[in-house]
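Student:
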Amino acid sequence: MSVSIVLFTSDLRVHDHPPLRAALRASSEVVPLFVRDTGIASAGYAAPNREAFLADCLGDLDTALRACGGRLVVRSGDVADAVAGVAAETGADAVHMAGGVSAYAQRREERLRNVLEGQGRRLVVHDSVVTAVAPGAVTPASSDHFAVFTPYFRHWSEQRLRDVLAAPRAIRVPDGVATEGTPSRARVSGTSPGLAAGGERAGRKQLTAWLRRGVAGYEDGHDDLPGDATSRLSPHLHFGTLSPVELVHRARGAGGPGADAFVRQLAWRDFHHQVLAARPAAAAHDYRTRHDRWRSERAAARDIEAWREGRTGYPVIDAAMRQLSHEGWMHNRGRLLTASFLTKTLYVDWRVGARHFLDLLVDGDIANNQLNWQWMAGTGTDSRPNRVLNPVTQAKRYDPDGAYVRRWVPELAGLAGAAVHEPWKQPGPERAKYAYPDPIVELAEGLERFRRARGLD
DNA sequence: GCTTATTTACT
DNA sequence: GTAAATAAG
């Protein structure tokens, strides 16, 4: 008669869950445990949209566990203390959990290992739960991680992934383990009105629909802003309600150029995770400095505010920023454009933008968010420091009829076609009809400031 | 075998 | 411009 604990973190599912399977194999009784980590709030990482989505996920996980005779135990507090407490109460001899990559996750794992080993218990950390290919599983000859995507992707693609694990059929939880119960989404305030629903069942339904109907058009459609033809699976990947290993297997099974392009995006996710695992400081500091002297937040306060609120006077930027606040999610092309605009055109520190995204994005993820921001800011792994995206050119390319802008910027709904991307070109009397701001900065002016600051010519 | 130049490709 | 692969020492 032995007891194991499964500590759920960013893996809120029962399908394809190596820690859960390992615990069930090792022990006759298992405690599925989630700790509402008070440290996340004090680290400034908590956000209402993710709190609400998390509540859905925990409720659904509890339901799935109950369906096979178990339940989810929820506690609050410091993770190491809470887990040690449950371990002492139940006499568990091992704790199984997924490996994480952030500095926070690495610290958490270390503290947990110390406290458990002090009690004579084991911590077992499992790979390929949060990513398909584990960080460090492939490395170049001269470094502990890849800094260029293309060679990483070649190696990543050659990795043999483990088989997908079935959901458990039966779970016995020891009697009398106290739980706080799962939180309610309804009690989270300050969420985006159009926030998606969380939970493994919702994620699996979405995945099936995506593979059946969406993925085939992904290669052609992924950058089409109004078409909205991306998978929207990012929140489920962030909370682990879907398994990246299973996604890769099933997408490869679907086949075709759309599936290949989609799998490539999943590899980008793993790429950023392996960078952060090796360089956890990159969440807060330049991966490779360009010696920027960003405009101070004080000096740029009005520009930053306009950017956050979606009133920069560049319609596609404002549309994307409003989509973010309304849905807690933004189209990937919008993320690139708004990040380029903040860091290059306004020359504001990428950390300011990354912070705002983390405050709102339901899929807000330290590895992907921080490193993609750095990628766009030119301080990351990318080797092109002077890449600047022109919001007008890009808008005409990826929103040729202006439908995306009109959807999110109703003030401009009266402007037909691509004219909506340049409202300042309307003749004076026409323009007065639209309660929409003039551009807060000239593109050429911003570009010049940026190039001067970077010493580019 | 190991270090150092050259080539290649780059969301 | 730069990282990785390859060729050369």
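Position 22 of the first sequence, counting from 1, maps to 22 under the UniProt record's numbering, and the rest follow consecutively. Glycine included, C-beta positions come from ideal geometry on N, C-alpha and C.
(1) For H331 versus L225, is the C-beta distance shorter than 8 Å?
(2) Here's the rule I'm using: 16 or more other beta-carbon atoms within 10 Å means buried, otherwise exposed. How should residue 459 be labelled?
(3) Please report how far the alpha carbon of residue 467 lies from the alpha carbon of Q159, in whole angstroms.
(4) Taking F146 as the reference, give the member of P32, L276, R169 with the closest Cα.
(5) Do V177 and E297 count as a contact pair if the criterion is CB distance below 8 Å?
(6) DSSP has P32 in a bridge; who is on the other side?
(7) In the structure shown, what three-state DSSP assignment does M97 receive?
(8) Look at P244 and L266 and say whether their C-beta atoms are less than 8 Å apart.
(9) Just reading off the beta strand (DSSP E) that L123 is part of, what are its end residues?
(10) What does DSSP give as the partner residue(s) for G136 in the beta ladder?
(11) Name the one or two DSSP bridge partners that G77 has.
(12) Are L336 and L389 closer than 8 Å when you measure CB to CB?
(13) Please report the distance separating the alpha-carbon of H236 from that of Q206.
(14) Check for me: the alpha helix (DSSP H) holding M330 runs from which residue to which?
(15) Could you name the residues that DSSP lists as bridge partners for V348?
(16) Along the chain, where does the alpha helix (DSSP H) containing I366 start, and where does it finish?
(17) By Cβ distance below 8 Å, which residues in the same chain neighbour E109 in space, the five residues on each side in sequence not counted?
(18) Give me, in chain order, the residues of the same chain whose beta-carbon lies closer than 6 Å to that of P183; leave out the 5 immediate sequence neighbours on both sides.
(19) Compute the distance between the beta-carbons of residue 464 and Y45, then report whether it is under 8 Å.
(20) If we ignore side chains and look at the alpha-carbon of each, how far apart do R407 and D303 end up?
(21) Decide if the segment 392-402 is in contact with the segment 157-173; the criterion is three or more beta carbon pairs, one per stretch, under 8 Å apart.
(22) Considering only the beta carbon of each residue, do L12 and L65 sit closer than 8 Å?
(23) Going by alpha carbons, who is nearest to Y434 out of P410, L447, G455?
(24) Beta-carbon within less than 6 Å of A377's beta-carbon, same chain only, minus the 5 sequence neighbours each way: which residues are those?
(25) Could you pull out every residue in the same chain whose Cβ sits closer than 7 Å to the Cβ of W373, ignoring the five residues on either side in sequence?
(26) Count the other CB atoms within 10 Å of the CB of G417; is the residue buried (16 or more) or exposed (fewer)?
(27) Shortest alpha-carbon distance to A170 belongs to which of G181, R311, V95, A23?
(28) Does the segment 26-45 come within contact of the segment 70-90, defined as at least 3 CB pairs closer than 8 Å?
(29) What distance in whole Å lies between the Cβ atoms of T191 and N49, which are believed to be in contact at a cut-off of 8 Å?
(30) Please report how far the alpha carbon of A453 lies from the alpha carbon of T379, in whole angstroms.
(31) So which of W329, P257, T312, R387 has the shortest CA-CA distance to I440?
(32) Let's test the definition: count the other Cβ atoms within 10 Å of the Cβ of T9 and tell me whether it reaches 16, buried, or not, exposed.
(33) Helix, strand or coil: which one does DSSP assign to residue 537?
(34) Nearest to G446 by CA position, among A367, F341, L415, is which residue?
(35) Round the Cβ separation of R121 and A94 to the nearest angstrom and send it over; I've been treating them as touching at under 8 Å.
(36) Would you mind reading off the limits of the alpha helix (DSSP H) that contains T63?
Tutor: In short:
(1) By one-based count along the first sequence, residue 331 stands at place 331. By one-based count along the first sequence, residue 225 stands at place 225. Pairing H331 with L225 gives a Cβ-Cβ distance under 8 Å.
(2) Given a span of 1 to 457 for the chain in the structure shown, any question on residue 459 remains unanswerable.
(3) Outside the displayed span of the chain (1 to 457) sits residue 467, for which this structure offers no information.
(4) The sequence position of residue 146 within the first sequence is 146, counting from 1. Out of P32, L276, R169, L276 has the C-alpha closest to the C-alpha of F146.
(5) Translated into positions along the first sequence, residue 297 becomes position 297. Translated into positions along the first sequence, residue 177 becomes position 177. Not in contact: E297 and V177 (Cβ atoms no closer than 8 Å).
(6) Start at 1 with the first residue of the first sequence, and residue 32 comes out as number 32. DSSP lists V6 as partners of P32.
(7) Locating residue 97 in the first sequence gives position 97, counting from the first residue. If DSSP states are grouped into helix, strand and coil, M97 belongs with the strands.
(8) As a working note, residue 244 is residue 244 in the first sequence. As a working note, residue 266 is residue 266 in the first sequence. Yes; because the gap between Cβ atoms is below 8 Å, this pair is in contact.
(9) Stepping through the first sequence from its first residue, residue 123 is reached at position 123. Here the beta strand (DSSP E) through L123 covers 122-126.
(10) For the purposes of this step, residue 136 is taken as residue 136 along the first sequence, with counting starting at 1. BP columns for G136 are empty, so no partner.
(11) For the purposes of this step, residue 77 is identified with residue 77 of the first sequence, where counting begins at 1. Paired residue(s): D37.
(12) Locating residue 336 in the first sequence gives position 336, where the first residue counts as 1. Locating residue 389 in the first sequence gives position 389, where the first residue counts as 1. Taking 8 Å as the Cβ cut-off, L336 and L389 qualify as a contacting pair.
(13) The residue labelled residue 236 in the question sits at position 236 within the first sequence. The residue labelled residue 206 in the question sits at position 206 within the first sequence. Those two C-alpha atoms are separated by around 10 Å.
(14) Numbered from 1 along the first sequence, position 330 holds the residue referred to as residue 330. From DSSP, M330 is part of no alpha helix (DSSP H); its letter is neither H nor E.
(15) Working through the first sequence from its first residue, we reach residue 348 at position 348. Note: V348 sits in a beta bridge opposite R295.
(16) Here the question's residue 366 lines up with position 366 in the first sequence. Annotation: I366 is outside any alpha helix (DSSP H) and is labelled neither H nor E by DSSP.
(17) Position 109 of the first sequence, counted from the start, is the residue given in the question as residue 109. If we look at E109 and ignore the five residues flanking it on each side, its Cβ neighbours are M97, G99, G100, L123, V125.
(18) Residue mapping note: residue 183 aligns to position 183 of the first sequence, counting from 1. Taking C-beta separations shorter than 6 Å and ignoring five residues to either side along the sequence, the partners of P183 in its chain run A55, following chain order.
(19) Lying outside 1 to 457, the shown extent of the chain, residue 464 is not represented and no answer is given.
(20) Counted from its first residue, the first sequence places residue 407 at position 407. Counted from its first residue, the first sequence places residue 303 at position 303. Their Cα atoms are separated by approximately 23 Å.
(21) Result no; under three Cβ-Cβ pairs closer than 8 Å.
(22) As a position in the first sequence, residue 12 is number 12, starting the count at 1. As a position in the first sequence, residue 65 is number 65, starting the count at 1. No; because the gap between Cβ atoms is not below 8 Å, this pair is not in contact.
(23) Translated into positions along the first sequence, residue 434 becomes position 434. Of P410, L447, G455, the residue nearest in Cα terms is P410.
(24) Residue 377 sits at position 377 when you count from the first residue of the first sequence. The beta carbon of A377 is closer than 6 Å to those of T343, W350 in its chain, skipping five residues each way along the sequence.
(25) On the first sequence, position 373 is the one that residue 373 refers to. Cβ within range, chain order: A339, W350, G353, A354.
(26) As a working mapping, residue 417 is identified with position 417 in the first sequence. Answer is exposed; the Cβ neighbour count stays below 16.
(27) As a working mapping, residue 170 is identified with position 170 in the first sequence. Distances from the CA of A170 to each of G181, R311, V95, A23 were compared; the closest alpha carbon is that of A23.
(28) When Cβ pairs closer than 8 Å are counted between the two stretches, the segment 26-45 is seen to touch the segment 70-90, the count reaching three or more.
(29) Taking the first residue of the first sequence as position 1, residue 49 is located at position 49. Taking the first residue of the first sequence as position 1, residue 191 is located at position 191. About 5 Å separates the Cβ atoms of N49 and T191, confirming a contact at the 8 Å cut-off.
(30) On the first sequence, position 453 is the one that residue 453 refers to. On the first sequence, position 379 is the one that residue 379 refers to. Distance between A453 and T379, taken at the CA atoms: about 14 Å.
(31) For the purposes of this step, residue 440 is taken as residue 440 along the first sequence, with counting starting at 1. Looking at the Cα atoms, T312 is the closest of the given residues.
(32) For the purposes of this step, residue 9 is taken as residue 9 along the first sequence, with counting starting at 1. So T9 ends up on the buried side.
(33) Nothing about residue 537 can be read from this structure; the chain reaches only from 1 to 457.
(34) Here residue 446 corresponds to residue number 446 of the first sequence, with the count starting at 1. When only C-alpha atoms are compared, the closest one is F341.
(35) On the first sequence, residue 121 is found 121 positions in, with the first residue counted as 1. On the first sequence, residue 94 is found 94 positions in, with the first residue counted as 1. Indeed they touch by this definition, with Cβ atoms about 6 Å apart.
(36) Within the first sequence, the letter at position 63 stands for residue 63. For T63, the uninterrupted alpha helix (DSSP H) segment begins and ends at 48-67.
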